[in-house]
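Residue numbers (our numbering): 3 to 146.
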């Protein structure tokens, strides 16, 4: 079954990478809650594809669409995946969180747990990811 779930999440990721109309179609089809559920409960390869789908939606989504993603619990799941010590997943999750922080005011307090994960896990995922993590920390939270 996991092969089907990986392919399905990958397909959803391709859809959410397009534009806000496609993202809205995914929201209206009630697909976000199952994606968030998979982020929490699935095998790693499925989590990876679900994270890409969510992160893509944060990149091209409107303010309201991103607030909807946040209301569905995606922040905690993206934060939790930061510490899987997989550079690609770290990058995807960090980018999704940064997109949320850029577009939704007063959200940084909700991502406080993620801040700790970013601080803790930034060293394990390579120089490029370390630099990106530091950039996010400095931009959205005072960090020395």
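Even glycine gets a Cβ: it sits at the ideal position worked out from N, Cα and C. Only a predicted model underlies this, so the values are computations on that prediction, with no experimental measurement involved.
Nearest-angstrom beta carbon gap, residue j and residue i [assumed within contact, 8 Å]
{"i": "residue 45", "j": "residue 15", "result": "Between residue 15 and residue 45 the Cβ distance is about 16 Å, and since that is not below 8 Å, they are no contact."}
{"i": "residue 162", "j": "residue 51", "result": "Not covered by the structure: residue 162. The range shown for the chain is 3 to 146."}
Contacting residues, own chain, Cβ-Cβ under 6 Å from residue i (five flanking each side not counted)
{"i": "residue 7", "result": "48"}
{"i": "residue 94", "result": "53, 54 and 57"}
{"i": "residue 97", "result": "57"}
Outcome for residue i when other beta-carbon atoms lying within 10 angstroms are tallied against a minimum of 16
{"i": "residue 73", "result": "exposed"}
{"i": "residue 100", "result": "buried"}
{"i": "residue 58", "result": "buried"}
{"i": "residue 92", "result": "buried"}
{"i": "residue 135", "result": "buried"}
{"i": "residue 35", "result": "exposed"}
{"i": "residue 31", "result": "exposed"}
{"i": "residue 9", "result": "exposed"}
Chain-order list of residues whose beta-carbon lies under 7 Å from that of residue i (same chain, five-residue window excluded)
{"i": "residue 79", "result": "38, 41 and 42"}
{"i": "residue 29", "result": "67 and 70"}
{"i": "residue 33", "result": "14"}
{"i": "residue 17", "result": "24 and 28"}
{"i": "residue 26", "result": "67"}
{"i": "residue 129", "result": "none"}
Residue i versus the options, residue with shortest Cα-Cα distance
{"i": "residue 88", "options": "60, 53 and 105", "result": "53"}
{"i": "residue 22", "options": "32, 137 and 60", "result": "60"}
Close beta carbons around residue i, own chain, < 8 Å, minus the five adjacent residues each side
{"i": "residue 20", "result": "62"}
{"i": "residue 90", "result": "50"}
{"i": "residue 106", "result": "65, 68, 69 and 72"}
Query raised in the report: Is the stretch 83–92 close to the stretch 60–70, with three or more CB pairs under 8 Å?
Result: no
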